[in-house]
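A.B. asks: Following this message is one structure expressed as structure tokens.
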Amino acid sequence: MKHVVIIGAGFGGIRAAKALARSDIQVTVIDKRNYHLFQPLLYQVSTAGLSVDDIAYPIRAIVKGLKNVQFNMDEVIDIDLNTRRVIGKNGITNYDFLVVATGGTTNYFGMKRVEEYSYGLKTLDEAVNIRNHILRKFEEASFEDNPDKQRALLTFVVVGGGPTGVEAVGALSELIHHVMAKEYRNIDFKQVRVVLVEATNKLLAAMPNDLSEATVYTLTKKNVQVRLGVQVADFDGEKLSLKGGEIINTHTVIWAAGVRAGDLINKLNIRQDHLQRAIVNEHLQAPDYPDVFIIGDAAHFEQNGIPLPMVAPVATQQADVAADNILNLISGKPLGQFAFKDVGNMATIGRNAAVLHIGPIKLKGFLAWLFWSLAHIWLLVDFRNRAVVFMKWIWDYLFYERAARIITRQ
1 MKHVVIIGAG
11 FGGIRAAKAL
21 ARSDIQVTVI
31 DKRNYHLFQP
41 LLYQVSTAGL
51 SVDDIAYPIR
61 AIVKGLKNVQ
71 FNMDEVIDID
81 LNTRRVIGKN
91 GITNYDFLVV
101 ATGGTTNYFG
111 MKRVEEYSYG
121 LKTLDEAVNI
131 RNHILRKFEE
141 ASFEDNPDKQ
151 RALLTFVVVG
161 GGPTGVEAVG
171 ALSELIHHVM
181 AKEYRNIDFK
191 QVRVVLVEAT
201 NKLLAAMPND
211 LSEATVYTLT
221 KKNVQVRLGV
231 QVADFDGEKL
241 SLKGGEIINT
251 HTVIWAAGVR
261 AGDLINKLNI
271 RQDHLQRAIV
281 NEHLQAPDYP
291 DVFIIGDAAH
301 FEQNGIPLPM
311 VAPVATQQAD
321 VAADNILNLI
331 SGKPLGQFAF
341 KDVGNMATIG
351 RNAAVLHIGP
361 IKLKGFLAWL
371 FWSLAHIWLL
381 VDFRNRAVVF
391 MKWIWDYLFY
401 ERAARIITRQ
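Going by UniProt numbering, the letters in the sequence shown line up with residues 1 to 410, in that order.
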């Protein structure tokens, strides 16, 4: 039996494993974590709307019904493409075909202090750290008598006007003004600032202008200060410096301004783009290595001269083509070319508010929010996760309650 190794158990990796599970080959999925993460809802963990196990599911539970698929929990530290070996901390795995689906990581654009003192939002640990930090700042502010220090503690800045930044800042503002305001009676919530900083002059760059403008309007109504055309220069943990000289006194910066491929791609010694993504051919293969397929956030693939975005639909569609092409190579059939089918864009801005653009359809407000909610519930891996998330959202909608407001680490 041919052996296919898949590195990464994100959207692309799991999709590829399921696609190959129907064939007479052996599949090994390797990931340093034992769970599959539904990243689009990470921001809800960071703002106390959902718990960790609501958006994560054990990989072994996913593959237990796939008889020819096994899972190895290991951290890959190198890949030898010439000898077809995946080198992990726990051992070496040989392969006949390799699928690299290692995903992306936060891009700080070389700003070391920003990386050190701000909070990324790409992993479960980061989301929990943000939740702990926000809750702790309110506890500290409740004891602070100095109004300037209290205002700095209660100033929260989200950097990045893409879907992650917009969704995070909307949820954060609602957590503060609908939940925390009822519990911290000794805090003047007029002193609280929630700021969204975006380097360009538009939020949600992939959206039409009217939906982008509607997003700004809705966030403003939700007590968010939207700052467009503003770039971050530095952050030392207490002062956020903007290009142009402005200083924002804050202890909280959530960085949602960029993403790049993970560092493992650097081990492959193949051509990369400025986001460290490996440049693949029309079949999603690594140049000079027809047995290696690279998909999702790890791959640079251009369509109509434009690199595809680092989003889940790209990863899942590429996983299907990569799996088909592995089977084509085994059976001696011609390889298929990848062509991305745009499924549209959507982003929620909070309660009863979202924007959606699918082909000629443009929606905003409640209908877009309802579609966004149903779509995200459906895309969760397990029925239990879907049921729990649905019930928590209903409870929060009816009672403005975020039950996951637990400080788990000091």
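We put the CB at the ideal spot given by N, CA and C, even for glycine.
1. Using alpha carbons as the reference points, say which of A199, Y95, A171, N266 lies closest to L219.
2. For I407, count neighbouring C-beta atoms within 10 Å of its own C-beta (all shown protein chains included) and say buried if the count is 16 or more, exposed if not.
3. Check F235 in the structure and name its three-state DSSP category.
4. Count the C-beta pairs between the segment 225-236 and the segment 69-78 that are closer than 8 Å, then say yes if the count reaches three, no if not.
5. When you compare only the Cα positions, how much space is there between T164 and D31?
6. Can you list, in chain order, the residues of its chain with a C-beta nearer than 6 Å to that of A404? Leave out the 5 residues immediately preceding and following it.
7. In whole angstroms, give me the CA-to-CA distance for V314 and G305.
8. Report the rounded CA-to-CA distance for A339 versus I295, giving the unit in angstroms.
9. Can you tell me which of A299, N129, G332 puts its alpha carbon nearest to the alpha carbon of Q317?
10. So what's R136 in DSSP terms, helix, strand or just coil?
11. Just reading off the alpha helix (DSSP H) that D148 is part of, what are its end residues?
12. Rounded to a whole number of angstroms, what is the C-alpha to C-alpha distance between P309 and F143?
13. Closest to D53 by CA distance: which of R22, D125, I248 is it?
14. Skipping 5 residues on each side, what residues in its chain have a beta carbon closer than 8 Å to that of I270?
15. Below 7 Å between beta carbons: does that hold for V157 and T250?
16. Count the other C-beta atoms from every protein chain shown that fall within 10 angstroms of the C-beta of N82, then say buried if there are 16 or more, exposed otherwise.
17. Thinking C-beta only, is F97 closer than 7 Å to V29?
18. Alpha carbons only, please: which of A375, I14, F189 is nearest the one belonging to A61?
19. Nearest-angstrom Cα distance between N325 and H283?
20. By how many angstroms is the C-alpha of L42 removed from the C-alpha of K182?
21. Pairs of beta-carbons, one from the segment 111-124 and one from the segment 387-394, closer than 8 Å: are there three or more?
22. In angstroms, rounded to a whole number, what distance separates the CA positions of V63 and N209?
23. Locate the beta strand (DSSP E) running through R260, then write down its first and last residues.
24. Can you list the beta strand (DSSP E) stretches of 3 or more residues lying completely in the segment 276-358, in chain order?
25. Does Q150 pass the burial test, meaning 16 or more other C-beta atoms within 10 Å, or should it be called exposed?
26. I'd like the list of long-range same chain contacts for W378, defined as Cβ closer than 6 Å, with 5 residues on each side in sequence excluded.
27. Can you tell me whether M346 is buried or exposed? The criterion is at least 16 other CB atoms within 10 Å of its CB, across all chains shown.
28. What did DSSP end up calling M111 once you bin it into helix, strand or coil?
29. According to the neighbour-count rule (16 or more other Cβ atoms, all chains shown, within 10 Å of its Cβ), is I92 buried or exposed?
30. Anyone know if the C-beta pair for G161 and D297 falls short of 7 Å?
31. Taking a contact to mean a Cβ-Cβ separation below 7 Å, would you say K180 touches F235 in this structure?
32. In whole angstroms, what separates the C-alpha of L356 from that of A168?
33. If I measure Cβ to Cβ from G359 and keep anything under 6 Å in the same chain, skipping five residues before and after, which residues do I get?
34. Going by beta carbon distance, what residues of the same chain come within less than 7 Å of L175, once the five residues before and after it are set aside?
C.D. replies: According to the structure data:
1. With distances taken between Cα atoms, L219 lies closest to A171.
2. Classification of I407: exposed, given that the 10 Å Cβ count is below 16.
3. Residue state, collapsed to three classes: strand.
4. Counting Cβ pairs under 8 Å, fewer than three are found: no touch.
5. If you take the alpha carbons of T164 and D31, they lie about 24 Å apart.
6. So the list reads A48, S51, once near-sequence residues are dropped.
7. Approximately 16 Å between the Cα atoms of the pair.
8. The straight-line gap from Cα to Cα measures roughly 13 Å.
9. Here the closest residue by C-alpha is A299.
10. R136 falls in the helix class under three-state DSSP.
11. Start and end: 147-153.
12. So the two alpha carbons sit approximately 45 Å from each other.
13. For D53, the closest of R22, D125, I248 by C-alpha to C-alpha distance is D125.
14. For I270, where only same-chain residues beyond five positions count, the Cβ hits under 8 Å are A278, I279, A286, P287, D288, Y289.
15. Yes, Cβ-Cβ distance for V157 and T250 is below 7 Å.
16. When all chains shown are included, N82 counts as exposed.
17. With a cutoff of 7 Å on beta-carbon distance, V29 and F97 are scored as not near each other.
18. Across the set A375, I14, F189, the C-alpha of I14 shows the shortest separation from the C-alpha of A61.
19. C-alpha separation (whole angstroms): 7 Å.
20. Our two residues, K182 and L42, have alpha carbons roughly 25 Å apart in a direct line.
21. Under the three-pair Cβ rule at 8 Å, the segment 111-124 does not count as touching the segment 387-394.
22. Whole-angstrom Cα-Cα distance: 43 Å.
23. For R260, the uninterrupted beta strand (DSSP E) run begins and ends at 259-261, by DSSP.
24. As far as the segment 276-358 is concerned, its whole beta strand (DSSP E) runs of at least 3 residues are 289-294, 345-350, 353-358.
25. Label assigned to Q150: buried.
26. Within its own chain, no residue has a Cβ closer than 6 Å to the Cβ of W378 once the five positions on either side in sequence are excluded.
27. Counting every other CB atom within 10 Å of its CB across the protein chains shown gives M346 a total of 16 or more, marking it as buried.
28. Correct three-state label for M111: coil.
29. That one is exposed.
30. No; because the gap between Cβ atoms is not below 7 Å, this pair is not in contact.
31. Checking the sequence, you will find Met at residue 180 rather than Lys. No.
32. Distance from the CA of L356 to the CA of A168, rounded to the nearest whole angstrom, comes to 17 Å.
33. Nothing listed; no residue qualifies.
34. Hits under 7 Å: T47, A48, R402.
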